[in-house]
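Notes to accompany the following structure.
There are 2 protein chains.
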Amino acid sequence: MIDPGAFVIDPWRLIEPELDLERLGHSESIFALSNGHIGLRGNLDEGEPHDTPGTYLNGFFETVDLPYAEGGYGYPELGQTLLNVTNGKHVRLLVDDEPFDVRYGTLERHVRTLDMRAGTLERDVVWTSPAGRTVEVRSTRLVSFVQRSIAVIQYEVRALDGPARVVLQSSLVANEPLPATSDDPRSAEDLATPLVCEYHTSNGAEVSLGHSTRESGLRMAAALDHLVEGPNGVITTTDVEDDLARVTFSTELRQGESLTLTKYLAYGWSASRSMPALRDQVDAAVAAASRVGWQGLLDEQRAYLDEVWDHADIEIVGDEQLQQAVRFALFQVIQASARAERRAIPAKGLSGRGYDGHTFWDMETYTLPALTYTLPHAARDALLWRHEAMPLAKERAEELSLPGVTFPWRTIRGEECSGYWPAGTAAFHINADVADAVRRYVHATDDREFESGAGLELLVETARLWAGLGHHDAEGNFRIDGVTGPDEYSAIADNNTFTNLMAARNLLAAADAADRHADRAAELDVDDEEVARWRRAARAVVIPYDEELGITPQSEGFTRYRRWDFDSTPEEHYPLLLHYPYYLLYSSQVVKQADLVFALYLFGELFPLEQRRRDFEYYERITVRDSSLSACIQAIVAADVGHLDMAYDYLRETALVDLRDQASNTAEGLHLASLAGSWLAVVAGFGGMRDDGETLAFSPRLPPQLQRICFRMLYRGRQLQVELSPETVRYTLRAGEAVTIRHHGEPIELSCDAPTEVTWTPSEPVPPVEPPSGREANRLGIGADAPDPIH
Amino acid sequence: MIDPGAFVIDPWRLIEPELDLERLGHSESIFALSNGHIGLRGNLDEGEPHDTPGTYLNGFFETVDLPYAEGGYGYPELGQTLLNVTNGKHVRLLVDDEPFDVRYGTLERHVRTLDMRAGTLERDVVWTSPAGRTVEVRSTRLVSFVQRSIAVIQYEVRALDGPARVVLQSSLVANEPLPATSDDPRSAEDLATPLVCEYHTSNGAEVSLGHSTRESGLRMAAALDHLVEGPNGVITTTDVEDDLARVTFSTELRQGESLTLTKYLAYGWSASRSMPALRDQVDAAVAAASRVGWQGLLDEQRAYLDEVWDHADIEIVGDEQLQQAVRFALFQVIQASARAERRAIPAKGLSGRGYDGHTFWDMETYTLPALTYTLPHAARDALLWRHEAMPLAKERAEELSLPGVTFPWRTIRGEECSGYWPAGTAAFHINADVADAVRRYVHATDDREFESGAGLELLVETARLWAGLGHHDAEGNFRIDGVTGPDEYSAIADNNTFTNLMAARNLLAAADAADRHADRAAELDVDDEEVARWRRAARAVVIPYDEELGITPQSEGFTRYRRWDFDSTPEEHYPLLLHYPYYLLYSSQVVKQADLVFALYLFGELFPLEQRRRDFEYYERITVRDSSLSACIQAIVAADVGHLDMAYDYLRETALVDLRDQASNTAEGLHLASLAGSWLAVVAGFGGMRDDGETLAFSPRLPPQLQRICFRMLYRGRQLQVELSPETVRYTLRAGEAVTIRHHGEPIELSCDAPTEVTWTPSEPVPPVEPPSGREANRLGIGADAPDPIH
């Protein structure tokens with residue numbers, strides 16, 4: 001785990017005060033820049049040393065074989081892996097005869113700063129070459145939120161202590177050698193030279209390369225143009241070949257003089273458009289960016305982020321590290337999604353190649369809830385991607401002899417790429433997760449046009465799946481047998497409570513939407529009988545209950561399973577799935593991640609407070625959080641049932657997951673769901689926000705560790721602000737029409753005229769509950785040097 | 001499915017009246033010869049045409065990688081595959097200028113006969129070459145039951161219609177090219193040239209080759225000596241190289257003259273002995289066989305089989321095809337096991353490379369029950385192989401964090417080679433199957449020396465597994481959760497009735513044996529407390545029951561699952577696992593093979609007759625028999641509960657599985673378990689034989705289709721004969737001390753003085769029950785052109 005002092009604490013910036021070559025992979029992920037379309041890992045400008053070079057285009061993948069020792073019907077035979085595309089980040093520097101390389105000479109200063117308001121990564125270096133010449137290097141990098149195809153880098157080198165011959169080389173490099181991936185079963189596939197050159201060209205200091213993939217049939221182009229400012233006599237030369245386009249700038253600096261290079265980098269890719277079209281596209285993008293210029297791009301970037309922070313910021317007083325971490329988390333959610341525009345949002349954003357760049361249920365369940373109330377257009381875009389992938393999901397359902405659609409457990413484009421069906425295909429809840437994201441988006445935005453179009457189709461076809469997946473038994477109960485819920489230490493279980501409740505909600509949401517949009521529903525062949533069947537199934541869904549224990553089982557029979565022997569489980573045996581067979585995990589009462597507890601959050605209204613607390617405490621004792629998807633949900637329910645200390649600890653664990661490298665695998669990419677989960681833990685946890693589609697409700701609670709929490713959110717065209725302080729909660733309608741909300745169940749009318757302040761009494765503290773030994777909140781990662789193979 | 005007329009019906013011989021090139025693979029398996037150590041597929045002497053050349057040595061395998069799209073802890077990474085070893089069967093014939101090849105010229109006659117009393121495969125051919133010369137070829141092949149390393153072939157060619165220049169070439173060929181295996185996920189791996197030459201040598205007409213494997217580190221040697229008889233002037237030449245040792249005999253025959261070649265073929269292999277030692281061994285074996293000579297080997301073979309048939313034959317009157325099929329089945333069981341001698345008995349014997357030559361639970365559960373009462377030394381040997389593999393099973397258990405042993409689901413040498421854990425590792429019942437085979441063997445033989453040695457260890461270590469696998473819940477019930485029973489259309493289920501009952505029996509058998517052999521048990525660290533824990537667990541084991549339906553569920557919750565829509569399942573969608581995903585199968589009430597019904601057979605005393613009948617009929621309606629392991633068990637329980645017509649049909653299906661190629665994959669090898677199941681269906685089904693270790697019991701029933709069933713068996717040193725005829729049952733003690741048996745529950749004292757005849761009243765017929773449409777007994781295979789990937 002990273003030393004908490006590795007980053008300077010600052011509310012708006014993440015500052016790395018010195019370079020740690022042992023943690024390069026971690027910093028490459030932490031300092032990755034992205035706009036949801038382009039992702040640049042935080043590799044050093046000069047390319048080396050590196051952990052993993054990474055330049056990604058959302059959706060640009062290669063096809064790989066999925067092998068099986070024993071195959072089976074319906075097993076996907078082809079996988080997809082996110083490709084490291086043509087790298088345009090390189091700026092190599094030669095000082096006199098010495099290449100600038102942080103491993104040689106003396107690094108007098110090396111500070112990197114991720115500025116979350118500017119949307120830039122800055123680097124400030126003073127380096128003395130092995131021959132004794134000292135230079136200052138400052139670079140600033142941004143991936144534009146405004147110009148989607150554009151990244152830009154300004155690189156300045158100054159001779160500090162005497163004259164220096166200086167050469168800068170800026171290049172596009174395709175098929176970079178990559179380090180071998182780990183033994184982690186879910187790491188990215190190794191692919192040696194996946195890109196085939198289609199064209200290479202240069203025009204002065206402007207260069208461009210076009211490549212296609214061997215198997216997946218995708219095409220991409222990258223273009224680079226340069227502006228150089230410095231003393232007279234800069235000589236520019238250009239070399240272009242299949243996998244390299246390089247522009248070299250050579251000059252001599254007198255002491256104090258500097259050479260400044262601005263490079264405009266554009267990317268484009270397509271499965272259908274021709275290479276000439278892509279080439280024109282990237283050249284045009286470079287032209288547009290150059291016209292705006294460096295300062296113009298910086299200004300656009302800040303203006304974009306100013307607006308986002310203005311309506312989405314979270315302020316925390318009382319824990320500066322948490323303040324920084326929560327802003328970092330939200331910034332990463334924005335980076336991963338802002339301009340994804342009808343492409344999937346991968347589990348790691350575009351920050352690394354972990355999980356092969358795949359998208360899972362995390363997107364709808366963790367990332368979209370945060371986006372829905374902060375960047376709703378991005379939530380809409382992501383759901384439109386799901387909608388566009390419906391034909392593939394329909395084919396997959398047909399392959400499985402099921403009605404409706406079955407969305408893939410893991411994918412880049414939409415095809416199922418999961419190679420282990422008990423934790424893939426059988427996790428049918430992803431379909432209800434998609435439907436719930438539709439429902440939530442419509443609740444939060446009232447976007448009826450979306451609801452009647454893509455939304456209705458998504459709801460109807462997922463409802464059809466559930467109607468076919470479940471069945472009414474002899475007594476009329478609606479059962480869903482042999483499926484896998486969120487907890488990946490259980491699988492192939494009957495009547496998973498989370499899944500059953502989500503399915504019922506999916507069925508009702510489809511029925512309600514079909515009633516509201518009867519004409520559109522008729523076009524989808526929905527008739528009254530089908531709607532009635534959905535409602536009947538939803539009403540009859542089985543919710544297991546263990547009368548003896550007074551506990552809601554995660555799935556039927558779960559509370560009768562063998563109890564895990566935590567006392568005999570050494571800390572180095574976590575994550576358990578790397579040390580115990582699935583059989584033992586599945587047949588034991590040991591929980592990887594919130595499952596029944598997730599249901600307590602999403603369906604709190606169905607469980608009285610006492611039941612919620614009893615269930616939470618029961619599962620708390622057997623939940624090991626070997627998944628980064630767990631702590632945020634536990635934080636929400638802990639806050640809900642009164643365990644405020646725990647909620648605070650879990651919020652910290654969630655928000656700091658990557659800054660502290662708690663799963664020891666941030667080098668493979670950020671844990672986007674956990675980061676988005678920080679927003680959830682604050683807003684749904686301490687804010688107690690719930691949205692039933694009728695009235696937006698809050699049940700705020702402030703943990704004793706904090707003096708203030710203030711969060712802003714969007715709701716049906718309005719801007720809201722909620723401020724929690726020890727004695728009062730203040731609700732402010734910052735923009736939009738008056739609205740009635742609920743505060744701990746009581747209706748409150750908000751208008752823009754003035755804030756509404758409510759005095760409250762903190763809830764009684766409840767006696768603490770102990771998680772499994774060694775798995776206490778905010779302590780994970782200690783001793784865990786193994787990667788977390790399933791997030 | 002093979003035309004029933006493909007074989008001439010004969011009680012002791014299987015006669016193929018003409019060669020069908022379309023069915024070569026089938027006949028190669030049907031006509032395979034083996035003694036349990038050497039296996040020779042029924043390939044034509046001249047090698048071509050062929051479906052799959054096959055020469056196997058029991059236990060001689062190569063290691064292969066097992067790949068996974070998504071790996072997991074405890075997944076086996078190395079598999080094992082039975083190798084096609086050096087082929088010594090070839091005799092190539094050149095007549096004048098024409099090679100004898102059945103695809104060219106005219107085949108005037110081609111008759112092959114498997115003689116089940118002689119233990120030989122005969123071939124009788126008249127062939128006219130394309131040039132018009134007609135010759136008669138007669139060959140006889142045997143794999144010796146008496147001389148374990150020896151096979152011998154006599155090959156005679158006679159010039160029928162004029163003089164002929166004749167050349168015979170007899171060879172050893174290593175690394176024969178093999179056809180690619182099918183897409184069947186469980187077919188053998190392709191291995192191009194697995195054998196590396198270690199030596200090759202010749203001495204006159206005697207040749208020998210030694211090879212080793214690349215990965216598994218095994219060594220083998222093959223030697224060949226020849227005796228040639230014919231007109232003077234036979235010229236003999238020898239060629240030897242790495243992968244070929246060939247002896248050529250050339251002569252000229254006048255009309256009516258013949259040339260006769262006798263070839264003595266010896267094999268040896270070892271993981272530990274040196275190549276010189278193996279070479280000596282095979283040369284010595286050839287020397288010993290030559291000394292006995294052709295007629296001597298024939299005589300020994302017949303004498304061996306005479307004795308086996310004398311105490312193990314089954315006579316059936318009223319269905320000649322069934323008579324032939326049942327003897328064929330028993331003959332194949334003998335071939336697969338007689339001289340296996342502490343090697344595994346593979347699911348396909350040594351008749352083909354299906355399932356990679358692996359051994360499964362079939363061995364203990366289907367093959368050993370037949371052997372235990374017919375060839376008990378072979379049953380003992382097989383159990384000693386399990387015992388010798390215990391260190392590997394102990395390692396595997398430790399890997400899985402389990403106590404005791406976990407035997408591999410599939411293996412050649414003892415390592416787990418299963419690549420799909422829900423139907424491999426999770427099928428823990430194999431451990432109780434092994435224990436039950438120990439218990440049965442001791443019951444049937446009273447072999448207390450075995451019991452106190454290997455038997456006790458097997459019982460104790462398997463009992464320890466169950467004690468750790470299950471647990472007592474809050475009410476004290478002993479549960480075994482998340483395991484897979486026999487039915488492979490279910491998996492990862494709680495409290496599988498078969499598994500729980502078998503586990504309880506395993507625990508009690510271990511406890512009883514530990515009590516009987518207290519000193520030996522103490523050496524295994526068994527103390528009174530452990531024994532008491534076993535007995536407590538066994539007494540408390542959960543047996544699910546559905547009170548509403550009055551049905552015993554196959555596992556907890558099973559009777560609440562979705563019913564399979566048989567009416568919408570077209571016949572070409574069987575076997576279902578090739579057309580539907582595991583998810584759908586596992587969560588539906590559809591049964592591949594007897595599971596709960598298997599428990600009704602093995603634990604009949606726990607279920608009153610009415611319950612057995614109700615359960616049988618319930619499961620009969622949902623059992624599709626996509627496994628060849630099912631029909632024989634259904635036959636037994638059908639007979640038990642009064643469905644005699646069904647029992648008869650299922651017996652026929654079982655016994656004819658390979659002769660009629662009912663699964664369309666006999667070409668990959670025989671279905672040994674189903675063949676052994678014919679014995680079970682006759683003896684435990686119509687004979688109603690049960691052996692509880694106290695009194696051997698019979699409850700005979702004769703189906704209306706048959707006039708007589710007479711079976712012989714061994715029991716604790718005695719030879720018994722039971723004859724069923726429509727009015728009477730006659731029990732004969734043919735040798736051994738007097739014994740009390742039970743007839744339909746009534747004790748009867750048998751002595752060698754005279755048979756005991758009991759008059760009986762046939763049971764009342766019960767109304768028929770319908771299996772799923774299209775899956776009626778004895779009709780399987782119609783329309784099923786796909787292989788059965790999991791037997």
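Just so you know, the protein sequences line up as chains G and S, in that order. Okay, so the first sequence: first residue is 1 according to the UniProt record's numbering, each after it adds one. Okay, so the second sequence: first residue is 1 according to the UniProt record's numbering, each after it adds one. Each residue gets a CB set at the ideal place from its N, CA and C atoms; glycine is no exception.
Min CB distance residue 805 of chain S to chain G below 9 Å: Since the first and last residues shown for chain S are 1 and 791, residue 805 of chain S lies out of range.
Distance, residue 26 of chain G Cα to residue 772 of chain G Cα: Position 772 of the first sequence, counted from the first residue, corresponds to residue 772 of chain G. Position 26 of the first sequence, counted from the first residue, corresponds to residue 26 of chain G. Roughly 28 Å separates the two Cα atoms.
Residue 440 of chain G, enclosing alpha helix (DSSP H) - first and last residue: Your numbering for residue 440 of chain G matches position 440 in the first sequence. Residue range 429-445 is occupied by the alpha helix (DSSP H) that includes residue 440 of chain G.
Expected contact under 8 Å - CB spacing of residue 598 of chain G and residue 633 of chain G to nearest Å: Translated into the one-based positions of the first sequence, residue 598 of chain G becomes position 598. Translated into the one-based positions of the first sequence, residue 633 of chain G becomes position 633. Contact holds; Cβ gap of about 5 Å.
Per-residue burial, residue 354 of chain S [other beta carbons within 10 Å of its own, 16 or more giving buried]: Translated into positions along the second sequence, residue 354 of chain S becomes position 354. Residue 354 of chain S should be labelled buried.
Contact the stretch 53-65 of chain S vs the stretch 100-119 of chain S: 3+ CB pairs below 8 Å: Taking 8 Å as the limit for Cβ pairs, the verdict is that the stretch 100-119 of chain S does not touch the stretch 53-65 of chain S.
Coil, strand or helix - residue 184 of chain G by DSSP: By one-based count along the first sequence, residue 184 of chain G stands at place 184. Bear in mind that the predicted position of residue 184 of chain G carries a pLDDT of just 43, short of 50, making it too unreliable to give a figure here.
Sequence-distant residues of the same chain with beta carbon closer than 8 Å to residue 301 of chain S, five excluded per side: Translated into the one-based positions of the second sequence, residue 301 of chain S becomes position 301. Contacts found: 118, 119, 120, 142, 144, 145, 146.
Cβ-based contacts, 7 Å cut-off: residues of the stretch 406-433 of chain G near chain S: For the stretch 406-433 of chain G, which is checked against every Cβ of chain S, the residues closer than 7 Å are 419, 420, 421, 422, 425, 426.
Integer Cβ distance of residue 800 of chain G from residue 641 of chain G, believed to fall under 8 Å: Nothing in the structure corresponds to residue 800 of chain G, since chain G is present only between 1 and 791.
Per-residue burial, residue 133 of chain S [other beta carbons within 10 Å of its own, 16 or more giving buried]: One-based indexing of the second sequence puts residue 133 of chain S at position 133. Around the C-beta of residue 133 of chain S, 16 or more other C-beta atoms lie within 10 Å, and the residue is accordingly described as buried.
Within chain S, the residues that residue 401 of chain G reaches when beta carbons sit closer than 7 Å: If you number the first sequence from 1, residue 401 of chain G lands on position 401. The contact set of residue 401 of chain G on chain S, defined by CB atoms closer than 7 Å, consists of 580, 584 in chain order.
Chain-ordered chain G contacts of residue 479 of chain S [CB-CB under 7 Å]: For this step, residue 479 of chain S is matched to residue 479 along the second sequence. Residues of chain G passing the Cβ test: 560.
CB contact below 9 Å: residue 547 of chain G versus chain S: As a working note, residue 547 of chain G is residue 547 in the first sequence. No, because no Cβ of chain S sits closer than 9 Å to the Cβ of residue 547 of chain G.
DSSP bridge partner residues for residue 99 of chain G (one or two, in chain order): Position 99 of the first sequence, counted from the first residue, corresponds to residue 99 of chain G. Partner(s): G:94.
Whole-angstrom distance between residue 733 of chain G and residue 253 of chain G, CA atom to CA atom: Position 253 of the first sequence, counted from the start, is the residue given in the question as residue 253 of chain G. Position 733 of the first sequence, counted from the start, is the residue given in the question as residue 733 of chain G. Each residue's CA atom was taken as its position, placing residue 253 of chain G and residue 733 of chain G some 57 Å apart.
Chain G within 9 Å of residue 626 of chain S, Cβ atoms only: As a first step, residue 626 of chain S must be located in the second sequence, where it is residue number 626. Chain G contact via Cβ: absent.
Under 8 Å (Cβ pairs) to chain S, residues found in the stretch 347-368 of chain G: Taking 8 Å as the Cβ-Cβ cut-off, the stretch 347-368 of chain G has no residue approaching chain S.
Proximity test, Cβ basis, 9 Å: residue 556 of chain S and chain G: Stepping through the second sequence from its first residue, residue 556 of chain S is reached at position 556. Yes, contact with chain G.
Per-residue DSSP class, three states only, for residue 385 of chain G: Stepping through the first sequence from its first residue, residue 385 of chain G is reached at position 385. The DSSP-derived three-state label of residue 385 of chain G is helix.
At least 3 beta-carbon pairs within less than 8 Å: the stretch 321-340 of chain S vs the stretch 395-408 of chain S: Counting Cβ pairs under 8 Å, fewer than three are found: no touch.
For residue 189 of chain G, the three-state DSSP class (helix, strand or coil): Taking the first sequence and counting its residues from 1, the one referred to as residue 189 of chain G is at position 189. With a pLDDT of 43 at residue 189 of chain G, under the threshold of 50, the modelled position of this residue cannot be trusted; read the value that follows with caution. Three-state result, residue 189 of chain G: coil.
Under 9 Å between C-beta atoms of residue 154 of chain S and residue 55 of chain S: Working through the second sequence from its first residue, we reach residue 154 of chain S at position 154. Working through the second sequence from its first residue, we reach residue 55 of chain S at position 55. No; because the gap between Cβ atoms is not below 9 Å, this pair is not in contact.
9 Å Cβ cutoff, residue 577 of chain G in contact with chain S: Mapped onto the first sequence, residue 577 of chain G falls at position 577. Yes, residue 577 of chain G counts as interfacial toward chain S.
Inter-residue CB distance, residue 357 of chain S and residue 76 of chain S (contact presumed, cutoff 8 Å): Position 357 of the second sequence, counted from the first residue, corresponds to residue 357 of chain S. Position 76 of the second sequence, counted from the first residue, corresponds to residue 76 of chain S. Contact between residue 357 of chain S and residue 76 of chain S is absent: CB atoms are separated by about 16 Å, not below the 8 Å threshold.
Residue interval of the alpha helix (DSSP H) (run including residue 506 of chain G): Here the question's residue 506 of chain G lines up with position 506 in the first sequence. Taken as a continuous stretch (DSSP letters only), the alpha helix (DSSP H) holding residue 506 of chain G covers 497-516.
Cβ neighbours of residue 13 of chain G in the same chain (closer than 6 Å, five flanking residues each side left out): Counting from 1 along the first sequence, the entry for residue 13 of chain G is found at position 13. So the qualifying residues of the chain are 113, 115.
Rounded separation between residue 489 of chain G and residue 416 of chain G - CA only: The residue given as residue 489 of chain G occupies position 489 in the first sequence. The residue given as residue 416 of chain G occupies position 416 in the first sequence. Whole-angstrom Cα-Cα distance: 21 Å.
Proximity to residue 421 of chain S [Cα-Cα], best of G:71, G:23, G:80, G:521: Taking the second sequence and counting its residues from 1, one reaches residue 421 of chain S at position 421. When only C-alpha atoms are compared, the closest one is G:71.
Residue-level contact to chain S via CB, residue 772 of chain G, 9 Å cutoff: Residue numbering aside, residue 772 of chain G sits at position 772 when the first sequence is read from its first letter. Nearest CB-CB separation between residue 772 of chain G and chain S: not below the 9 Å threshold.
Which of helix, strand or coil DSSP assigns to residue 220 of chain G: Within the first sequence, numbered from 1, the residue matching residue 220 of chain G stands at position 220. Note: residue 220 of chain G maps to strand in three-state DSSP.
CA nearest to the CA of residue 19 of chain G, picked from G:41, G:541, G:37, G:49: As a first step, residue 19 of chain G is located in the first sequence; it is residue number 19 there, counting from the start. Closest by alpha carbon: G:49.
Contact residues within the stretch 52-67 of chain G, judged by C-beta distance below 7 Å to chain S: For the stretch 52-67 of chain G, which is checked against every Cβ of chain S, the residues closer than 7 Å are 66, 67.
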